[in-house]
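Numbering (my numbering), first residue to last: -1 to 83.
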(Lines of atoms letter the chains of each structure in order from A and count residues from 1; the text may use other names and numbers.)
(Lines give C-alpha, C1' and ligand atoms only; values in the text may rest on other atoms or scores of the structure.)
Protein backbone atom coordinates (compact mmCIF):
# COMPACT_ATOMS: atom_id res chain seq x y z
CA UNK A 1 0.00 0.00 0.00
CA UNK A 2 1.56 3.34 -0.99
CA UNK A 3 2.13 5.76 1.85
CA UNK A 4 3.91 9.00 2.64
CA UNK A 5 5.37 10.14 5.96
CA UNK A 6 5.12 13.90 6.03
CA UNK A 7 6.01 16.57 8.57
CA UNK A 8 3.18 19.08 8.96
CA UNK A 9 4.69 22.50 8.37
CA UNK A 10 1.63 24.73 8.78
CA UNK A 11 1.86 27.00 11.83
CA UNK A 12 -1.57 25.85 12.98
CA UNK A 13 -0.93 22.19 12.30
CA UNK A 14 -3.57 20.20 10.48
CA UNK A 15 -6.46 22.40 11.60
CA UNK A 16 -9.09 24.61 9.99
CA UNK A 17 -7.99 25.80 6.55
CA UNK A 18 -5.17 23.28 5.91
CA UNK A 19 -7.45 20.45 7.07
CA UNK A 20 -10.28 21.63 4.82
CA UNK A 21 -7.99 21.79 1.81
CA UNK A 22 -6.59 18.37 2.66
CA UNK A 23 -10.06 16.80 2.99
CA UNK A 24 -11.36 18.42 -0.20
CA UNK A 25 -8.41 17.06 -2.14
CA UNK A 26 -8.79 13.57 -0.66
CA UNK A 27 -12.54 13.59 -1.30
CA UNK A 28 -12.02 14.19 -5.02
CA UNK A 29 -10.36 10.77 -5.33
CA UNK A 30 -12.44 7.62 -5.76
CA UNK A 31 -9.99 5.61 -3.68
CA UNK A 32 -9.61 4.99 0.06
CA UNK A 33 -7.28 7.41 1.85
CA UNK A 34 -6.33 7.35 5.52
CA UNK A 35 -4.19 9.47 7.83
CA UNK A 36 -2.55 8.47 11.10
CA UNK A 37 0.16 9.43 13.49
CA UNK A 38 3.10 7.03 13.13
CA UNK A 39 1.99 3.81 14.84
CA UNK A 40 -1.49 5.24 15.46
CA UNK A 41 -4.94 4.24 14.31
CA UNK A 42 -5.70 5.46 10.78
CA UNK A 43 -8.71 7.71 10.19
CA UNK A 44 -10.63 8.52 7.03
CA UNK A 45 -8.83 11.35 5.23
CA UNK A 46 -12.12 12.42 3.63
CA UNK A 47 -13.69 13.32 6.99
CA UNK A 48 -12.95 16.80 8.38
CA UNK A 49 -14.06 15.71 11.86
CA UNK A 50 -11.68 12.74 11.82
CA UNK A 51 -8.79 14.91 10.66
CA UNK A 52 -9.47 17.57 13.29
CA UNK A 53 -9.78 14.90 15.98
CA UNK A 54 -6.21 13.78 15.25
CA UNK A 55 -5.09 17.14 16.68
CA UNK A 56 -1.93 17.18 14.58
CA UNK A 57 0.27 20.16 15.38
CA UNK A 58 3.01 21.93 13.50
CA UNK A 59 6.19 19.87 13.30
CA UNK A 60 4.46 16.53 13.88
CA UNK A 61 4.69 13.68 11.40
CA UNK A 62 1.67 12.03 9.82
CA UNK A 63 1.40 8.94 7.67
CA UNK A 64 -0.93 9.15 4.68
CA UNK A 65 -2.04 5.88 3.06
CA UNK A 66 -3.91 5.44 -0.18
CA UNK A 67 -4.79 2.38 -2.13
CA UNK A 68 -6.03 2.23 -5.67
CA UNK A 69 -5.49 3.67 -9.07
CA UNK A 70 -3.41 6.86 -9.11
CA UNK A 71 -2.62 6.58 -5.37
CA UNK A 72 0.92 7.91 -5.76
CA UNK A 73 -0.28 11.08 -7.48
CA UNK A 74 -2.86 11.69 -4.75
CA UNK A 75 -0.32 11.06 -1.99
CA UNK A 76 2.08 13.54 -3.56
CA UNK A 77 -0.70 16.12 -3.76
CA UNK A 78 -1.76 15.60 -0.12
CA UNK A 79 1.85 15.67 1.09
CA UNK A 80 2.36 18.97 -0.69
CA UNK A 81 -0.65 20.49 1.11
CA UNK A 82 0.65 19.71 4.60
CA UNK A 83 4.23 20.59 3.71
CA UNK A 84 3.42 24.24 3.08
CA UNK A 85 4.39 26.48 6.04
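Glycine residues also receive a C-beta, built at the ideal position from the N, C-alpha and C atoms.
Extent of the continuous beta strand (DSSP E) to which residue i belongs
| i | result |
| --- | --- |
| residue 30 | 30 to 34 |
| residue 64 | 59 to 65 |
Start-to-end residues for the alpha helix (DSSP H) that takes in residue i
| i | result |
| --- | --- |
| residue 80 | 69 to 80 |
| residue 15 | 14 to 26 |
| residue 51 | 46 to 52 |
Cβ shell of residue i (< 7 Å), same chain only, five flanking positions each side left out
| i | result |
| --- | --- |
| residue 77 | 2, 4 and 62 |
Proximity test, Cβ basis, 8 Å: residue i and chain D
| i | result |
| --- | --- |
| residue 81 | Going by chain labels, chain D is absent from the structure shown, which holds only one protein chain. |
Close beta carbons around residue i, own chain, < 6 Å, minus the five adjacent residues each side
| i | result |
| --- | --- |
| residue 48 | 41 and 42 |
| residue 16 | 8 |
| residue 80 | 4 and 6 |
Nearest neighbour of residue i, chosen from the options [CA to CA]
| i | options | result |
| --- | --- | --- |
| residue 8 | 69, 60 and 55 | 55 |
| residue 52 | 72, 16, 27 and 34 | 34 |
| residue 26 | 15, 12, 45 and 11 | 45 |
Cβ neighbours of residue i in the same chain (closer than 8 Å, five flanking residues each side left out)
| i | result |
| --- | --- |
| residue 0 | 63, 64, 65, 69, 70 and 73 |
Exposure of residue i, with buried meaning 16 or more beta-carbon neighbours within 10 Å
| i | result |
| --- | --- |
| residue 59 | exposed |
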